[in-house]
Amino acid sequence: MRFSPTCLNLRALTSHPSGHPSRASSISFLGLGRMGSEMAFNLFSKRHALANSSTFVVCDAVPEAARAFVANFQNHFPGSQLSIVSTPEEAVLASQTIVTMLPSSPQVRSVYSGDSGVLSALQALPRAQAEETLCIDSTTLDIDVARQVSAHVVGTGAQMVDAPVSGGTETRCLRFCRYLNVLLLRGAWAGVTGAKVGSLAFLVGGTDTAFELAKPFIADMGRRAVHCGPAGSGLVAKICNNLMLGVQQVVTSEAMLLGQRLGVRADVLADVIGSATALHDKAPPSERDFEGGFATALMVKLLMGRKLWQDMGLAFKSANLVGTALPLGTAAKRIYEDVIESSPELARKDFSNASCIMSAEKPSAIIFGGLNTWSRRFALFLIPDGGEPLVSHLRIVDKFSVHPATTYLGADFPPLLENPNVQYKQANLTIPAIVKSMFDPPEGQAPYSYVFDLTGEVRHDRPDMVQIQQTVNIARLVGEEAARREVKAYVRVTQAFYETSEKGTHTEKESVKPSGIRGVWWHETLRVLANIENLNLVILRPGLVYGPHVEYGILTTTMTVASVYGYLQKPMKGLWPPGKNSMNTVHVEDVAGAAFALAEWMAKEGRKEADILAGEEIPSNDKGKIKEGTGLPETGKKLVAPLFNIVDNSNGTLYSIGAEICGLFGTTFGFHDFFTTTMAKITKLSESILEDINEEHVSGWVEMIMASDPPIPNTPLSAYMDESVLQKIVVAFNADKIKNIVGYTLKHPEFSQAELKDVVDRWKSEGSWPNTFKVPRLCELSHIQNQRRSPFHVYTASSTNVRADLNVDVAKLIPTFQIVFERVAFDMADTVTRLRTVQTRSYARESVDLKTLPMEGEQFNARKEGRWGDGIAKLAVQTFMGIPVVYTAYLMLSSNPSSLSWFAYHPPLQMLAVGLFTYGILTLQPTSQPKTKAVGLVRHQLFMLFTGLPVLGVGTWVIYYNKEINTRPHALIGYIAVGWAYVQVLVGCGSVWFGGAAFGGGMKAKSIWKYHRGRISIIPSVFICSPLGRRMVYVF
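If you want it as structure tokens, here you go:
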């Protein structure tokens, strides 16, 4: 067995009778941050001056910090003996005195109790040597953690004290409070300056013996050591003191602001307070722009967006444990948090700058529309859960209901609606009077300052008139009322419905072409708003948006489909060739953050100045459609408005985005071959191609959600990729403008798997994403479904179990074969329902029963089947196939029927079989309704099995009945055609009946079925066979 160097050295140390000879004269310092490095420098320098033989050891999680410290110290003290170790265990081995200055509780646990930690070394030492060891921890941490670590260390025989520090400069507030006989510890706030000059005060907790052992070392690092009691007492004293000071600073700020608003100058108030407290320091933090002192960020420390209990936070945690209320402390803590979150540049300044943010009045805001896209995240950004709101009051207005919900809301949004400062109103924004009433503030509330416009119809297949009514007209009504109300900022958030070039990125000055009907009217909406007088308009144009609880958009659908391919352990392939295909992305929180930043910028600049700084001309890009709308500006009119793009720094492409998403789900991303991509371009994604593409996606997703534990049939997510998702998408925007002019900094600069994992984890936590780990066979899934429904009641995988009543009555079609085909009909209807989930999804997400849909939904369900021209094409093919059948029969009957052999009947019989086969195939023509699709599938099998196939069999039988010599090309090709027809019948039935069990079930059977659909070469074989027929010798 091999041992690490540390373990070998410990074994050597424990075996030596007198221990390590230099350990008593050595000191180790762990944690060389801003405070720790200054404290270690003072400690080592004074010890080196006392004894040149002293040795010092340093250790830090960042090796570069340790090397920099050693180089600096030896530069000041040549000949000093410093060494660097990589683990706390080695530090204990080398030194009898250990000093730690770490960030917080988790690091203390790791250094003392983790692998290769202090405790492991102390436990390996002989008892006598462990008892000679002293540990001094100056970290500000959780009291319980400090006491637990101390108990473990003392259990080994060593001594330990907790010695958090305080010191540095004092504010006027502190001296004022001390003048009023408030009991405070002198030099209460710790700062880097105090650590550097050695003026720190140490608040020590531990036994009397440990305190006496620690005093000489503490004296080398600070001016004062106060023994507060047993272990943890030093921390208790510090956090109570800091809580008091934090609250007092806020009260002082309130008094100063109140005095100024009542007419007293700030310098006069400061002089009054200064005189009352005999202030001798004439340079308080405000006179040096709040530089130095105790940084605000240390008051409420933030790490990765999550608040850690540090300083004031530790006081709150302790108060909760003992049941003590801190109402003033809670208010003060929120103010410090607001300083950091709203003004990051103030985080390193003195904590007394809280008065800067308290002096500002918060705006109020309205969000119009977007409840089914991004406005939910906008609302959570403006009024964060547990954080300081950015607005004093928020109103959200949309057409959807939230009680009960008629659209997906996510897990975080409903609790927000309980906030008294948040108000949701369901309204029909196509009515001017209602739009006007939405701007009326609640009683006692000031008029609304900001308007965020996210209105518009986002579904790609809505006609021009719907887009004009739901997108253009609503935005015009809201914009006109906002102008009349003189709102300070009107932010229009548009969508990336544009066709950009693959070459480079596009700035706001470049004119990009709108994509489709939807894109034309969303773009024309910008012109309508820009044409409104006195509207403080600013336009935000994001890239492809993703983020928590954003179920709308291309990226969300791509994630869902990629998870299906990962689940099936298959690669995901893009439909378009691997060109550059830029796909710039942006996190939804950055869309909300940028919108708010633009609102504040517009409120400060005003429309006239904003046009000068960021105005861009917005041309009309489809002049042929403009005449269809009313109230639209003339196409030739020059309209200018501030326009900003917002995308992240990823510069994503189709491949990079696909690879990133697929990597999250354990699969790969690639591209189809040249033939497939070419056919996609030629056919332009016809409905039949869409069905073929989505067949595996949707059925696989249904399997995933049903195999989840527990099943999640109510998920708002769908794996159906409609034409708007599958078409070639190029979004290439440049976002430098908003960074340079407004100064916006991205909160999520990269599109990464970590961001995507957060999105998926949140969906999982609310029960919208499956936790599936195995692929069930299709027959297993059918068994699961049979346990919860009747054979002909098929439920779609939507958010509200919207029911599609597919009551396929096979008995009405072929009474004799009802029992045989019940199972087949169920399987086919079930599959088709999954494929057509998208048709009911938009309504299912709104929790609306299909039977009570509004007129738009009724028209949708009642629309004519298939595409324009399907009926003509079907009739043409039937006529084309009927002519050969009739003509062949005519030739046969035009001869003397009484002299004909049985063999003479086989040509018309075979042609009739081909005609019946053709009609059976035509029943699979594209449909838009699940019920008719299921009927078509059943009719297809009936025609194949019970008309076409028997006629083909009779036609083949009469050949052999006449004992024909079947060696001619006509006969050989006929054999192939007939044999191929029977093989196709077997393959088709075997891949569908009983869940496709004959071919392994599940996706294996489905792949066989797709193969069966594409093999229609029997028809050309028949036509090749027919001309080769000739008069032959028959045997009667």
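Positions 118 to 1153 (this note's numbering) are the ones given, in order, by the sequence shown.
Ideal Cβ placement from N, Cα and C applies to all residues, glycine included.
Here the structure is a predicted model, which is why all the values come from computation and not from measurement.
Three-state class that DSSP yields for GLN191 in the structure shown: In the three-state scheme derived from DSSP, where H, G and I count as helix and E and B as strand, GLN191 is classed as helix.
Local Cβ density within 10 Å of LYS754, reported as buried at 16 or more and exposed below that: Label assigned to LYS754: exposed.
Assigned secondary structure, SER1011 (DSSP; H/G/I helix, E/B strand, else coil): In the structure shown, SER1011 adopts helical secondary structure according to DSSP, grouped into three states.
Bounding residues of the alpha helix (DSSP H) (the contiguous stretch that carries THR677): For THR677, the enclosing alpha helix (DSSP H) starts and ends at 671-685.
Collapsed DSSP secondary structure at GLU603 in the structure displayed: Three-state result, GLU603: coil.
THR784 and PRO688 closer than 8 Å at C-beta: Between THR784 and PRO688, the CB-CB gap stays under 8 Å.
Distance between LYS630 and ASP765 (C-alpha atoms, nearest Å): Cα to Cα, ASP765 sits roughly 22 Å from LYS630.
Cβ pair GLU625, PHE788 closer than 8 Å: No, these two residues do not count as a Cβ contact at 8 Å.
Of the residues ALA275, LEU534, VAL595, the one placed nearest THR642, counting alpha carbons only: Ranking ALA275, LEU534, VAL595 by Cα distance to THR642 puts VAL595 first.
8 Å Cβ cutoff met for CYS252 and VAL228: Inclusion of CYS252 and VAL228 in the CB contact set at 8 Å is not warranted, their separation being larger than that value.
As assigned by DSSP and simplified to three states, the class of ILE591: In this structure, ILE591 counts as helix in the three-state DSSP scheme.
Neighbourhood of VAL1102 by C-beta distance below 8 Å, restricted to the same chain and skipping five residues each side: Excluding sequence neighbours, VAL1102 sits near MET1061, LEU1062, LEU1066.
Segment contact flag, the segment 599-614 with the segment 818-835, C-beta cutoff 8 Å, min 3 pairs: The segment 599-614 vs the segment 818-835: no contact.
DSSP three-state assignment for SER233, whether helix, strand or coil: Coil at SER233, not helix or strand.
Nearest-angstrom Cα separation, counted from ASP578 out to GLU454: Going by the C-alpha atoms only, they are around 46 Å apart.
LYS626 CB to nearest heavy atom of the ligand ADP below 7 Å: This structure lacks the ligand ADP, and indeed carries no ligand of any kind.
Between the CA atoms of GLU249 and ASP325 - distance to the nearest angstrom: Their Cα atoms are separated by approximately 15 Å.
Opposing strand residues paired with ASN811 [DSSP bridges]: Here ASN811 is not bridged, per DSSP, to any residue.
Residue burial classification, GLN584 (beta-carbon count within 10 angstroms, cutoff 16): Its Cβ being crowded by 16 or more others within 10 Å, GLN584 is buried.
PRO559 versus TYR565 - alpha carbon distance: The straight-line gap from Cα to Cα measures roughly 10 Å.
TYR663 - containing beta strand (DSSP E), residue span: Segment 661-663, the beta strand (DSSP E) holding TYR663.
Cβ-based neighbour list, TYR861, same chain, cut-off 6 Å, excluding 5 preceding and 5 following: Short of 6 Å from the beta carbon of TYR861, and not among the five residues preceding or following it, lie these beta carbons of its own chain, in chain order: ALA711, ALA714, ILE855.
Contacting residues, own chain, Cβ-Cβ under 8 Å from ILE483 (five flanking each side not counted): Here the set comprises LEU511, ARG512, ILE513, VAL514, MET555, PHE556, TYR565, TYR567, VAL568, PHE569.
Helix, strand or coil at PHE782 according to DSSP, with G and I counted as helix: It is coil, neither helix nor strand.
ARG289, buried or exposed, once every other Cβ within 10 Å from all chains shown has been counted against 16: Confidence in ARG289 is poor, its pLDDT being 40 and thus under 50, which makes the residue's placement too unreliable to answer from.
Within 8 Å, strictly: CB atoms of ALA168 and SER142: Their beta carbons are under 8 Å apart, which means ALA168 touches SER142 by this criterion.
N-terminal and C-terminal residue of the alpha helix (DSSP H) that TYR1099 is part of: From DSSP, the alpha helix (DSSP H) with TYR1099 extends over 1086-1109.
Cβ-Cβ separation, ALA731 to ILE858 (assumed contact under 8 Å), whole Å: Yes, ILE858 and ALA731 are in contact; Cβ-Cβ is about 6 Å, under 8 Å.
Segments of 3+ residues assigned as beta strand (DSSP E) that fall wholly inside the segment 502-535: If only uninterrupted beta strand (DSSP E) runs of at least 3 residues are considered, those enclosed by the segment 502-535 are 511-515.
TYR541 - partner residues in DSSP beta bridges: Beta-bridge annotation (DSSP): TYR541 is paired with ILE513.
C-alpha gap between LEU898 and VAL1003, whole angstroms: Confidence at LEU898 is low in this model, with a pLDDT of 37, below 50, so the placement of that residue should be treated as unreliable; the coordinate-derived value is given next. The alpha-carbon of LEU898 is positioned some 47 Å away from that of VAL1003.
8 Å contact criterion, which THR490 and VAL575 should meet: CB distance rounded: The C-beta separation of THR490 from VAL575 comes to about 6 Å, placing the pair in contact by the 8 Å criterion.
Segments of 3+ residues assigned as beta strand (DSSP E) that fall wholly inside the segment 233-289: Here the runs fully enclosed are 251-254, 276-279.
Span of the beta strand (DSSP E), counted from its first residue to its last, around PRO558: Premise fails: PRO558 is in no beta strand (DSSP E) and is neither H nor E.
LEU1029 versus LEU1010: straight-line alpha-carbon distance, rounded: Looking at the two C-alpha atoms, the distance is approximately 15 Å.
CA-to-CA distance, PHE997 to PRO887, given in whole angstroms: The alpha-carbon atoms of PRO887 and PHE997 are separated by roughly 50 Å.
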